[in-house]
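Heads up: the sequence shown begins at 60 in my numbering, then just goes up one per residue. We put the CB at the ideal spot given by N, CA and C, even for glycine.
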Amino acid sequence: MTIPPGLDRQRSLGPAWEAWLDRLPGLATGLLDEWELSADGKSMHGFCSLVLPVRTPSGVAAVLKLHTDADAEESDHEHLALQRWRGRGAARLLRADPGRRALLLERLEPTDLSDRWDEEACEIVAGLYSRLHVPPMPQLREQASYVGRWAAALERDAHAVPVPRRLVDQTVSLARDLCAEPATAVIHADLHYENVLLGERGGEPAWLAIDPKPTNGDPHYEIEPMLRNRFEEYGGAIGGGSVRDGIRRRFHLLVDAAEFDEARARDWVVVRSILNVHWAYADAARAGRPLSAEERERVTCCITVAKAVQD
Numbered sequence: 060m061t062i063p064p065g066l067d068r069q070r071s072l073g074p075a076w077e078a079w080l081d082r083l084p085g086l087a088t089g090l091l092d093e094w095e096l097s098a099d100g101k102s103m104h105g106f107c108s109l110v111l112p113v114r115t116p117s118g119v120a121a122v123l124k125l126h127t128d129a130d131a132e133e134s135d136h137e138h139l140a141l142q143r144w145r146g147r148g149a150a151r152l153l154r155a156d157p158g159r160r161a162l163l164l165e166r167l168e169p170t171d172l173s174d175r176w177d178e179e180a181c182e183i184v185a186g187l188y189s190r191l192h193v194p195p196m197p198q199l200r201e202q203a204s205y206v207g208r209w210a211a212a213l214e215r216d217a218h219a220v221p222v223p224r225r226l227v228d229q230t231v232s233l234a235r236d237l238c239a240e241p242a243t244a245v246i247h248a249d250l251h252y253e254n255v256l257l258g259e260r261g262g263e264p265a266w267l268a269i270d271p272k273p274t275n276g277d278p279h280y281e282i283e284p285m286l287r288n289r290f291e292e293y294g295g296a297i298g299g300g301s302v303r304d305g306i307r308r309r310f311h312l313l314v315d316a317a318e319f320d321e322a323r324a325r326d327w328v329v330v331r332s333i334l335n336v337h338w339a340y341a342d343a344a345r346a347g348r349p350l351s352a353e354e355r356e357r358v359t360c361c362i363t364v365a366k367a368v369q370d
């Protein structure tokens, strides 16, 4: 098995990624044999995982997803959330080996929301929130435990991270306040245009979520990935030529469709945006290199979003 070049580039993220990528071909081959799966198409990948189209021994179309174990604790309980959702708003789980971070999932269409009219896409995603936000599960970690740790790391690196100091201080303060509130639901935590695929439920087309990073948390945490993706469209029709207006328009579309509290959603957007900048900085620092062009672009995007929702 050959690792897709786009996934193999993650070697630049450090030794843990290199080690996982070196093990990946053997892991995939072993699971195909052990679970009696037959390859059924070209491999795909996300930022953190390899996805192989397969067929089960009974001929059912499925995908085998292998997730990295490098800095991947957010995905530790993906299988538990998928079991809890039971296909309601998300891909169905057919089999799991959490120790090897291997999931066998129903195969969905490759069609996502990237090309959908933005207002329609926002309404679809907001509709998924209501299906996925089930009561907290005792097996899941609290989102606050992650955010508190990430905010502390941001504060330690405040002198070096490429963010205006006022935004660092604001993020640390907001994170402290938000994390003091109890979790109210299971959250997906990475729901955006490319993590919603077309499937079928009850004989009808249905949009379904994939790739959750599930925790118990605040539903308002969900919005930020939608603002960070399809960023290039903000200067066009979405924002009438203004990136700021485009960001704000999409933010309000999501808040209104989901019936979220605007102020709380805004606070989480600021926190998540600036924490994303710190992750880019930390990835580069850990690998002993400067920010890549892609990382610099992400930094600009995240700071722009954090500022726009507050103006």
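Each residue's CA atom was taken as its position, placing Val231 and Arg114 some 47 angstroms apart. His126 and Ser108 do touch by the CB rule: their CB atoms are close to 4 angstroms apart, below 8 angstroms. Taking a C-beta distance under 8 angstroms as the contact criterion, Asp99 and Pro112 qualify as a contact pair.
Beta-carbon to beta-carbon, Leu267 and Leu167 are separated by about 6 angstroms, close enough to satisfy the 8 angstroms threshold. By the 16-neighbour rule on beta-carbons within 10 angstroms, Thr88 is exposed.
In this structure the stretch 332-350 does not touch the stretch 310-319; the number of beta carbon pairs closer than 8 angstroms is below three.
Excluding the 5 residues flanking it on each side, Arg200 has same chain C-beta neighbours closer than 6 angstroms at Thr274, in chain order. Under a 10 Å Cβ-count criterion, Glu240 is classified as exposed, with fewer than 16 other Cβ atoms of the shown protein chains found around its own Cβ. For Glu182, same chain residues with a beta-carbon under 6 angstroms away, outside a window of 5 residues either side, are Ala316 in chain order. The beta carbon of Val368 is closer than 8 angstroms to those of Leu286, Ile306, Arg307, Phe310, Arg325, Val328 and Val329 in its chain, skipping five residues each way along the sequence. The beta carbon of Gln229 sits closer than 6 angstroms to no other beta carbon from its chain once the five residues preceding and following it are set aside.
The continuous beta strand (DSSP E) containing Glu259 extends over residues Val255 to Arg260. Annotation for Asp270: Gly105, Asp249 and Asn254 place their beta carbon closer than 7 angstroms to its own, counting only its chain and skipping 5 residues before and after. Per DSSP, reduced to three states, the secondary structure at Leu96 is coil, with no helix or strand assignment.
Less than 8 angstroms separates the beta-carbon of Ala234 from that of Ala210.
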